[in-house]
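A quick write-up on the structure given underneath.
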Amino acid sequence: MKSAVIVFPASNCDRDAQTALTQLTGTKPHMVWHGDTQVPEVDLIVLPGGFSYGDYLRCGAMAAQSHIMRDVKRKAEQGVAVLGICNGFQILTEAGLLPGALMRNAELKFVCRPVELVVEESQSVFTRRYSKGERVRFPVAHGEGNYFAGEAILDRLEGEGRVLFRYAPGDNPNGSARDIAGILNEKRNVLGLMPHPERSCDPLLGSTSGRALFQSLIDNLS
Amino acid sequence: MKARVFVTLKNGVLDPQGKAIGHALNNLGFASVGEVRQGKVIDIELAENDPARARASVKEMCEKLLANTVIEKYEIELK
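Chains as they are written, first to last, in my numbering: chain A, 1 to 222; chain B, 1001 to 1079.
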């Protein structure tokens, strides 16, 4: 599986994504600068975590307007898999590739800790290696991960099996609507999630339950 | 001309920052303070003298970048 990681000014999980992808795919991902206009031909594009453009205006708002995002949008429409983690999820909603918005955490605090998640759906290129209902543990590290969308959109996401990850009951760190942690687009090739699977790929980091997400992509896209 | 844009959260969207500000004001002894909502002010200088065109252009800026219309509303003031 060929992959690319988009690097924005103040991305800070780009190296984590690079390390996880290199370890699991055996090939180094392309690291693509935000000012570039084209993403190389790849099977997976990762928008990493961080504080792109210093979170100016709104988290992800500036990055969503960057040159490279035009090509990311084009490739997403063509069916290339796109994974937005944390700030990457915020960028995907700001770019209109995923519905809803990520607001300030309900408790107003930056939350940095492992959370327990429920895999709600295994029918996707991102989650086929998991079983439905499986519990996984990924860290979160964000101040604005409070997922918000209108009731009709939330119903639709749930009805269409597009909520892939939910915070386990009682473990919602940010006040997200219906405990939503990660959602898919309509075509099911774009996933945005606040928790960090790329930081759950090495036993040294306390959890390896993120590996199955990348393995699912490798199975499906290689 | 100059434009001033006010961006605030839509009614019904929880504003935890506004709430925290309200609590702080209460703690300072401002007992009359009820609900507080906070937002942003953005001042823009425009090379445009026609108010209608200026408003149309700032509206487009709001829709495309300045406000996230999923959660925010905006008001435009021209000077």
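Positions of the beta carbon are idealized from the N, C-alpha and C atoms, including for glycine.
Asked                                                                                                                                    : Found
Beta carbon proximity, leucine 108 (chain A) to chain B, threshold 8 angstroms                                                           : yes
Within-8 angstroms CB hit, isoleucine 1021 (chain B) to chain A                                                                          : no
Leucine 157 (chain A) beta carbon less than 8 angstroms from that of isoleucine 183 (chain A)                                            : yes
is_contact[asparagine 1026 (chain B), chain A] using C-beta, thresh 8 angstroms                                                          : no
Contiguous beta strand (DSSP E) assignments of at least 3 residues, all confined to the segment 43–113 of chain A                        : 44–47, 81–85, 101–103
Per DSSP, cross-strand counterpart(s) of tyrosine 167 (chain A)                                                                          : A:Leu117
Contact set for leucine 98 (chain A): own chain, Cβ-Cβ below 7 angstroms, skip 5 residues either direction                               : Leu92, Ile183, Asn185, Val190, Gly192
Partners in chain A for glutamine 1038 (chain B), counting only beta-carbon separations shorter than 8 angstroms                         : None at all; the shortest Cβ gap to chain A is about 11 angstroms.
Close-in-space but distant-in-sequence residues of the same chain around glycine 88 (chain A) (CB under 6 angstroms, 5 per side omitted) : Leu47, Pro48
Contact under 8 angstroms by Cβ, alanine 20 (chain A) with phenylalanine 214 (chain A)                                                   : yes
Near-chain B residues of the segment 87–100 of chain A (beta-carbon distance less than 9 angstroms), N- to C-terminal order              : Thr93, Glu94, Pro99, Gly100
Residues that isoleucine 1071 (chain B) contacts on chain A, provided the C-beta gap is smaller than 7 angstroms                         : Ala101, Met103, Phe148
C-alpha gap between alanine 168 (chain A) and alanine 1067 (chain B), whole angstroms                                                    : 32 angstroms
For glycine 182 (chain A), the residue or residues it bridges with in DSSP                                                               : A:Phe165, A:Leu193
Within chain A, the residues that asparagine 1011 (chain B) reaches when beta carbons sit closer than 8 angstroms                        : By Cβ distance, chain A contributes nothing, its closest Cβ being about 13 angstroms from asparagine 1011 (chain B), past 8 angstroms.
Selected residue, minimal CA-CA separation from serine 176 (chain A), among B:Met1061, B:Leu1014, B:Ala1003, B:Thr1008                   : B:Leu1014
Reference histidine 216 (chain A); option with closest CA among A:Val42, A:Tyr56, A:Leu24                                                : First, the amino acid is wrong: residue 216 (chain A) is serine here, not histidine. The option with the nearest alpha carbon to serine 216 (chain A) is A:Leu24.
Isoleucine 1076 (chain B) versus glutamate 134 (chain A) - alpha carbon distance                                                         : 49 angstroms
Under 8 angstroms from the C-beta of alanine 61 (chain A): neighbouring residues of chain B                                              : Leu1065, Asn1068
C-beta atoms of arginine 58 (chain A) and glutamate 94 (chain A) nearer than 8 angstroms                                                 : yes
Listed by chain order, chain B residues near arginine 58 (chain A) by CB distance under 8 angstroms                                      : Asn1068
Any 3 or more C-beta pairs closer than 8 angstroms across the segment 1002–1022 of chain B and the segment 1034–1052 of chain B          : yes
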